[in-house]
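Engineer: When you read off a place in the sequence shown, starting at 1, and then add 286, the result is the number in my numbering.
For glycine and all other residues, C-beta sits at the position ideal for the given N, C-alpha and C.
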Amino acid sequence: MKRALISLSLVIFLALAQAGVAAEVKTKLAGLTLNANLEKSGEWPAGPVVLLTHGTLAHRGMEITSGLQAMLAERDVSSLAINLSLGIDDRSAAMYDCPTPHTHKHTDAVSEIAAWVDWLKEQGVQNAAILGHSRGGNQVARYAGGQADPIVNNVILVAPQTWEAPYVAEDYAKRYKTPLQPLLAKAQALIGEGKGTELMGPMGFIYCEDTRASADAVVSYYAPDRDMDTPQLLSRIAAPVLVIAGSEDKVVAGLIEKTEPLADGDKVELLVVDGADHFFRDLYAEEIADVVAERIGE
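1) In the DSSP assignment, find the unbroken alpha helix (DSSP H) run with residue 579 in it and report its ends.
2) Excluding sequence positions up to five away, which residues of its chain have a Cβ less than 6 Å from the Cβ of residue 539?
3) What is the DSSP secondary structure of residue 357, reduced to helix, strand or coil?
4) My parser needs the alpha helix (DSSP H) runs of 4 or more residues fully inside the stretch 317-365; what are they?
5) Give the C-beta separation of residue 368 and residue 398 to the nearest angstrom, bearing in mind that I take them to be a contact with Cβ-Cβ under 8 Å.
6) Just mark residue 522 as buried or exposed, buried being the case when its beta carbon has 16 or more other beta carbons within 10 Å.
7) In chain order, which continuous runs of the alpha helix (DSSP H) of length 4 or greater are located wholly inside the stretch 368-429?
8) According to DSSP, which residues form a beta bridge with residue 440?
9) What residues in its chain sit with their C-beta under 8 Å from that of residue 402, if we drop five residues either side in the sequence?
10) Quick one: grab the DSSP three-state call for residue 488.
11) I think residue 554 touches residue 520, with their Cβ atoms under 8 Å apart; what is that distance to the nearest whole Å?
12) Less than 8 Å separating the beta-carbons of residue 389 and residue 501?
13) Could you give the distance in angstroms between the alpha-carbon of residue 524 and the alpha-carbon of residue 415?
14) Using only the alpha-carbon positions, how far apart do residue 427 and residue 435 sit?
15) Cα separation between residue 462 and residue 487?
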């Protein structure tokens with residue numbers, strides 16, 4: 287009897303140790319250390335795992351990301367919230383420090399997502415979903431529409447970035463009281479001279495005032511690019527796609543209108559969360575967690 291109780295206690299201990307275990311994990315890419323937060327739940331690594339990518343200049347611990355990880359763990363779903371390097375070695379889980387010169391490019395995230403999918407495979411994961419929020423949604427869609435690994439069988443885009451060049455130029459001029467086009471033209475000229483790494487500024491860049499950025503970075507984030515508009519990428523993605531939009535989102539313009547004609551209810555689905563803004567706080571995040579858990583468990 288005593289031996290049976292000890293064995294039962296060990297089984298319970300191992301089960302508890304396996305469920306809801308959070309840890310920082312790391313991998314290497316192009317000389318940079320990348321870090322992420324891994325939440326083990328359910329039948330790790332056999333069960334489905336969700337890889338989450340954060341938005342612009344943000345980090346793995348921001349509210350929507352950490353909240354979704356906790357909610358998915360409650361639903362016995364493992365998750366990996368990655369911290370995009372933004373060109374910084376082993377970048378901390380904090381918002382990008384604006385005085386730090388920007389040498390990162392929007393598309394750098396694609397290879398980093400790929401590196402983390404490879405890392406999941408090394409852990410034995412064979413069933414993964416990738417989820418991206420805001421700009422991260424566009425970066426996830428780029429990866430999914432290009433070099434996605436076969437273990438990725440669901441793509442979930444939460445308030446993914448939309449893009450219209452005239453709107454971007456107008457927004458830049460309004461925010462920084464200076465036109466975008468001369469800045470972009472200078473960056474393109476530097477790249478044409480083989481000086482893409484040369485820093486420009488002081489200038490306004492993304493959300494940062496009075497900072498510096500490389501010519502490569504300026505062109506990557508501001509040059510007209512059809513692929514910056516996430517709905518344009520959906521037809522390239524082989525895996526099923528779920529686009530989640532908030533009815534009160536004032537950040538991504540026209541997402542619902544652009545996605546509706548593409549949503550066939552099969553390969554591409556659109557879920558509009560009534561009342562949610564861009565960040566899906568509180569019960570709105572719970573709704574996302576419910577939908578994701580149900581979707582990847584099918």
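Structural biologist: According to the structure data:
1) Segment 569-583, the alpha helix (DSSP H) holding residue 579.
2) 448
3) Here residue 357 sits in helix by DSSP.
4) Whole alpha helix (DSSP H) segments, 4+ residues: 349-360.
5) 7 Å
6) In summary, residue 522 is exposed, with fewer than 16 beta-carbon neighbours lying within 10 Å of its beta-carbon over all protein chains present.
7) As far as the stretch 368-429 is concerned, its whole alpha helix (DSSP H) runs of at least 4 residues are 394-408.
8) 415
9) 313, 320, 322, 337, 366 and 368
10) strand
11) 5 Å
12) Taking the C-beta atoms as reference points, residue 501 is found no nearer than 8 Å to residue 389.
13) Using only the alpha carbons, I get a separation of about 13 Å.
14) 13 Å
15) 13 Å
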